[in-house]
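Visitor: In the numbering used here, the protein residues as written are 29 to 249. C-beta: ideal position from N, C-alpha, C; glycine also. Just so you know, these numbers come straight off a predicted model, no measurement behind them. Next up is a structure, given as structure tokens.
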Amino acid sequence: MRILLIEDDPLLGEGLQASLQLEGYAVDWLQDGETAWAALRTDTFDLLVLDLGLPGLPGLELLQRLRRQENDVPVLILTARDAPADRVAGLDQGADDYLVKPFDIDELAARLRALLRRRGGRRSPVLSHGPVELDPARHEVRLRGKPVALPRREFSLLHLLLEHAGQVVSRSRLQEALYGWEDDVESNTLEVYIHHLRRRLGRDLIQTVRGVGYMVPGESG
Ligand code: CA
Numbered sequence: 029m030r031i032l033l034i035e036d037d038p039l040l041g042e043g044l045q046a047s048l049q050l051e052g053y054a055v056d057w058l059q060d061g062e063t064a065w066a067a068l069r070t071d072t073f074d075l076l077v078l079d080l081g082l083p084g085l086p087g088l089e090l091l092q093r094l095r096r097q098e099n100d101v102p103v104l105i106l107t108a109r110d111a112p113a114d115r116v117a118g119l120d121q122g123a124d125d126y127l128v129k130p131f132d133i134d135e136l137a138a139r140l141r142a143l144l145r146r147r148g149g150r151r152s153p154v155l156s157h158g159p160v161e162l163d164p165a166r167h168e169v170r171l172r173g174k175p176v177a178l179p180r181r182e183f184s185l186l187h188l189l190l191e192h193a194g195q196v197v198s199r200s201r202l203q204e205a206l207y208g209w210e211d212d213v214e215s216n217t218l219e220v221y222i223h224h225l226r227r228r229l230g231r232d233l234i235q236t237v238r239g240v241g242y243m244v245p246g247e248s249g
């Protein structure tokens with residue numbers, strides 16, 4: 029899962045990027061509104077963490093533009109502005125959640141998981157498919173109830189495919205979710221990760237859709 033973090037405070041931005049990477053996300057961090065707007069027009073993100081007081085383009089204006097373009101990426105506003113009127117404005121402009129600084133990193137992580145759940149139309153915190161279960165809060169994958177250790181990117185890849193079970197997820201979408209701008213992408217790594225996941229969790233879990241991407245088949249009861 030890939031997050032765009034828009035935060036102009038360098039210390040906070042750096043700390044947040046590191047913490048969210050530890051949570052397993054690919055995190056791109058930008059410090060001003062205009063650059064972020066440009067990135068949002070070319071790249072796909074799973075979540076947006078948005079400060080309001082930003083140089084260039086203020087956070088609220090960026091949010092308005094985003095929703096006007098019918099970009100429905102889940103947005104969490106993270107700001108020092110704690111007046112009820114600011115919260116109301118943020119939520120009414122299309123934010124999905126609002127957290128006031130100073131905040132607890134575990135609470136932020138839990139709220140981001142909740143946003144991903146809502147986006148996927150889920151209530152259960154655990155994603156499951158046949159004998160495979162993925163628990164985002166515990167960073168755990170289980171096969172028939174037994175934990176299977178997965179490296180960060182394989183976990184992330186499986187998470188995205190399970191969120192979209194029954195739909196084909198394109199190669200480019202998967203690549204985008206796995207890598208931030210700072211990571212080098214080798215063209216065949218996606219295949220390698222898929223191969224590893226099948227070996228660990230069963231050949232039939234992930235189907236290749238030739239020329240398009242991959243899918244976890246929808247469950248038929
Ligand atoms: Ca700020």
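#1: Got a sec, what are the start and stop residues for the alpha helix (DSSP H) tyrosine 221 sits in?
#2: With which residues is valine 103 paired in a DSSP beta bridge?
#3: Give the secondary structure of isoleucine 133 by DSSP, where H, G and I count as helix, E and B as strand, and everything else as coil.
#4: Using a Cβ-Cβ cut-off of 8 Å (strictly less than) and excluding sequence neighbours within five positions of proline 14, which residues of its own chain qualify?
#5: Given this structure, state the Cα-to-Cα distance separating glycine 158 from glutamate 214, to the nearest angstrom.
#6: Since tryptophan 57 and leucine 33 are thought to touch, with beta carbons under 8 Å apart, how far apart are those beta carbons, to the nearest angstrom?
#7: State the Cα-Cα distance for the pair leucine 155 and leucine 190, rounded to the nearest angstrom.
#8: Kindly identify the DSSP beta-bridge partner or partners of tryptophan 57.
#9: Output the distance between the C-alpha atoms of alanine 177 and leucine 127, rounded to the nearest integer angstrom.
#10: Across the segment 110-123 and the segment 232-247, are there enough close Cβ pairs to call them in contact, namely three or more that are closer than 8 Å?
#11: One question on the structure: do glutamate 51 and leucine 185 come within less than 9 Å of each other, judged by their Cβ atoms?
#12: Quick one: Cα of glycine 249 to Cα of glycine 84, how far?
#13: With H, G and I counted as helix, E and B as strand and the rest as coil, what does DSSP make of aspartate 120?
Guide: Straight from the coordinates:
#1: 217-229
#2: Leu76
#3: helix
#4: Residue 14 lies beyond the residue range present for the chain, which begins at 29 and ends at 249; the question has no answer from this structure.
#5: 31 Å
#6: 5 Å
#7: 7 Å
#8: Leu33
#9: 32 Å
#10: no
#11: no
#12: Only weak support is given to the placement of glycine 249: the predicted model assigns it a pLDDT of 43, under 50, and the question is left unresolved by the model.
#13: helix
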